[in-house]
Amino acid sequence: MLKDLLSVDGTTLSLASLLFNLGIGVILSLVLRWHYVRFGSTLSNREEFAQVFPFILLTTVLIITVVKSSLALSLGLVGALSIVRFRTPIKEPEELAYLFIAIAMGLGLGASQTLPTVVAGLAILGVMAVLRWVRRDTEFRNLYLSVDWREEDGGGKEQALKRLNEVISRHVLASDLRRFDVRDGALEATYFLDISGVDSLNDLTEALRRDFSKVGITFVDQSQIPSV
């Protein structure tokens with residue numbers, strides 16, 4: 053009876069093999085989820101998005117395990133998938149890359165290529181982690197700095213701008229003034245900055261607050277602004 057239930061077009065599926073691959077898939081999906089949360093750089097909620105990896109990976113294992121033994125089911129799968137639509141767009145290339153990795157792992161496990169899938173999957177994640185660490189240690193951060201401050205000493209906008217430039221130049225690698233507005237004694241300025249790390253960012257913030265009382269400071273990561 054059990055043999056008949058596991059039979060697809062006369063070919064018997066191995067329940068033990070399926071359960072084993074699903075177990076390996078659970079472990080790989082948890083590793084993939086941790087990797088995305090730890091090393092991802094997207095602006096979306098990575099914790100929430102990472103929850104879909106186990107579902108995608110394990111579902112792919114099940115589908116490939118069932119259809120690999122039947123040509124009819126394989127052709128039917130193509131038609132079934134053609135009606136599937138994702139209502140939530142994937143805007144970040146990094147999110148798409150992780151989804152492809154999850155699907156690739158599911159395909160490998162479903163095709164019973166367990167060892168190559170585990171080795172290749174962990175190797176890919178390892179390389180991605182190393183590249184992320186190297187990038188964090190070597191690249192400069194491009195930030196927009198917006199300063200909002202009201203003059204209290206009547207020193208004039210030229211003197212205030214000079215003081216502001218001096219403070220910023222001491223804590224960044226390079227700065228470029230993009231906007232400067234003065235209205236009724238209120239000063240607003242926007243700079244494009246190159247900084248070497250978080251420590252420089254903290255030092256700059258403390259210096260601005262020390263030299264300009266009640267200053268408003270906003271940093272925007274230019275590299276994370278999507279292009280239109």
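Here the numbering used here is used: the first residue of the sequence shown is 53, the next is one more, and so on. Beta carbons are placed, not taken as given, at the ideal position from N, Cα and C, and that holds for glycine. In this text, all values refer to a predicted model and were calculated from it rather than measured experimentally.
Judged by DSSP secondary structure, ASP246 falls within the beta strand (DSSP E) whose first and last residues are 238 to 247. Burial check for LEU109: the Cβ neighbour count within 10 Å reaches 16 or more, so the residue is buried. In the displayed model, ASN194 falls within a strand according to three-state DSSP.
The C-alpha of ASN254 lies about 10 Å from the C-alpha of LEU260. Apart from sequence neighbours up to five positions away, the residues of its chain that approach VAL272 with a beta-carbon distance below 6 Å are TYR196, ordered along the chain. Cβ-Cβ separation between GLU147 and SER93: approximately 11 Å, too far for a contact (criterion under 8 Å). Secondary structure of GLY77 (DSSP, three-state): helix.
A direct Cα-Cα distance of roughly 27 Å separates PHE152 from ALA68. When the five nearest sequence neighbours on each side are left out, the beta carbons in the same chain lying within less than 6 Å of the beta carbon of ALA181 are those of PHE91, in order along the chain. DSSP places SER221 in the helix class (H, G or I) of the three-state scheme. Counting along the chain, the unbroken alpha helix (DSSP H) around GLY160 starts and ends at 145 to 162.
Around LEU70, the same chain offers THR117 as residues with beta carbons nearer than 6 Å, after the five sequence neighbours per side are excluded. Of all alpha-carbon atoms in VAL113, VAL119, ILE115 and VAL78, the one lying nearest the alpha-carbon of GLN103 is that of VAL78. Per the C-alpha coordinates, the member of HIS223, LYS266, ARG98 and ASP263 positioned closest to VAL250 is HIS223.
Here ARG98 is buried: its Cβ has 16 or more other Cβ atoms, across all protein chains shown, within 10 Å. Of all alpha-carbon atoms in ALA212, PHE244 and VAL89, the one lying nearest the alpha-carbon of PHE101 is that of VAL89. Taking the Cβ atoms as the reference, PHE105 lies roughly 5 Å from ALA154, within the contact range of under 8 Å.
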